[in-house]
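Peer 1:
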Amino acid sequence: MVQHFHAFLYTIAVILQSSGVDARLRSLCFKAWTIQLTAHEQELLILTCNILGTVGGVLSEPSISENWITDSADRSALGQKGSESVDVKEMRDITKHARLEASSRQAMVVCLTDGSPETFWESGEEDKSRARTINVTFENCSPILLCLFIDNSRDEACRTSQVSFRAAVTDGSRKDLMSKNLDQNFCGWVKCCVASVTHVTISLKGPHNASRVRQLQVLGFLAEGSAEVIRPSASHQLFFNNTQHDAFALFQAISAQAFSGESCEQQDALRERVVDLLFSRVTLQPLQNYVCTQVEAALEREVERLCCQGKRNYSYAVGLLAMANRMCETRAIGNGDCDVAARHQVLQAASKLLAFAPEVV
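Quick look at the structure:
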């Protein structure tokens, strides 16, 4: 099984290191490589280092700072406009721009938008002899889809057998949008198109005295001017397209495992590759800060083990100290001023280590 898994990773590595690969396929490959490294993956160390090189190349692409106006979907649409008329838009979660009012138990409405399927809104006693409704009003947004998550399989005593959506029209009348009958074991999202609608009433019917809804979500677009586009600053924030975001997630996973975990002492080559990658490219300064934090934390943990747990192998701690010193020197040369807090933490760890270390390490 391990051999088959490694063969799969080698195939992914070949795709990642090939030229002309579609951005969406590359993103999937980065996600597939974001795994927890184990002792079985020690033989893939060279391959992992090569993958890090590919990650560095993707993160160094100019799109981090130059293509800040549009995301990957917009760029795809713009690239096709020359030959055909294609309009690609990405809907966003605009639930927070919707005002909800329930026919009963208004205090439980907050559970519909908390992002957890474990919570729910349940109609109260007063709804036994009347319609169970949730009124949704949209403010400063353009809704497209209104979605309800219902789990009849779990809510056996509060099943919902029918969901109806009605919109309020400008002249005061009501317009039926959709009505759907649900199976007694239904579990999933009920979706209704609410484009060009500002107010929707959701009606629930069921065989029991109460109905439950576990989540409510609205997808659509914000009104023009509601979401200001801010040009990114490489000095304090990372703005990635989709591929770069997945590459950065992979880099975080590898670097975090390189400086932590039970097998970290056997990963010298991987740690060196992480540091070489970071400080060979000026554009990766935010990632440099991230890895510096990882090294500092790993050094503090190792010194604590040496001081409190009677550990006598100082080679890993010395290696981390050398790496931290190298990073501080590189950052000082590149930026004119090294992070004072980082230097202070490293010096503290070094002083504590010297107090407990033998004369010869």
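Numbered according to mature numbering (1 follows the signal peptide of the UniProt record, and there is no 0), the sequence shown spans residues -23 to -1, 1 to 338. The beta carbon of each residue, even a glycine, is placed where N, CA and C say it ideally should be.
1) Buried or exposed for residue -17, going by 16 or more other Cβ atoms inside 10 Å?
2) Identify whether residue 178 lies in helix, strand or coil by the three-state DSSP scheme.
3) Compare the beta carbon distance of residue 226 and residue 11 with 7 Å and say whether it is the shorter of the two.
4) Taking the beta strand (DSSP E) that residue 97 falls in, what are its first and last residues?
5) Which same chain residues, not among the five before or five after residue 339, have their C-beta less than 7 Å away from its C-beta?
6) Can you say whether residue 72 is buried or exposed, counting buried as having 16 or more other CB atoms within 10 angstroms of its CB?
7) Determine the burial state of residue 279: buried for a count of at least 16 other Cβ atoms within 10 Å of its Cβ, exposed for fewer.
8) Looking at residue 121 and residue 197, is the spacing between their C-beta atoms short of 7 Å?
9) Which residues in the same chain have their Cβ closer than 6 Å to the Cβ of residue 174, if we skip the five residues on either side of it in sequence?
10) Can the beta-carbon of residue 192 be found closer than 7 Å to that of residue 94?
11) Here's the rule I'm using: 16 or more other beta-carbon atoms within 10 Å means buried, otherwise exposed. How should residue 109 be labelled?
12) Rounded to whole angstroms, what is the Cα-Cα separation between residue 46 and residue 276?
13) In this structure, how does DSSP classify residue 79 when only helix, strand and coil are distinguished?
14) Distance, Cα to Cα, residue 44 vs residue 199?
15) Thinking C-alpha only, which one of -12, 5 and 124 is nearest residue 342?
16) Please report the straight-line C-alpha distance between residue 228 and residue 31, rounded to a whole angstrom.
17) State the Cα-Cα distance for the pair residue 48 and residue 3, rounded to the nearest angstrom.
18) Quick one: grab the DSSP three-state call for residue 53.
Peer 2: Taking the coordinates as given:
1) exposed
2) strand
3) By the CB criterion at 7 Å, residue 226 and residue 11 fall inside the cutoff.
4) Taken as a continuous stretch (DSSP letters only), residue 97 belongs to no beta strand (DSSP E), as it is neither H nor E.
5) This structure cannot speak to residue 339, because the chain is shown only from -23 to 338.
6) buried
7) buried
8) yes
9) 144
10) Yes. Within cutoff.
11) buried
12) Any reading at residue 46 needs caution, since the residue's pLDDT is 40, under 50, leaving its predicted position unreliable; the model's value is listed next. Going by the C-alpha atoms only, they are around 40 Å apart.
13) strand
14) Note on residue 44: pLDDT 44, under 50, position unreliable in the model; no value is reported.
15) Nothing can be reported for residue 342: it is not among the residues displayed for the chain, which extend from -23 to 338.
16) 10 Å
17) For residue 48, the pLDDT reaches just 45, beneath the cut-off of 50, and the residue's location in the model is therefore unreliable, leaving the point undetermined.
18) Annotation note: pLDDT 47 at residue 53 (below 50); position unreliable, no value reported.
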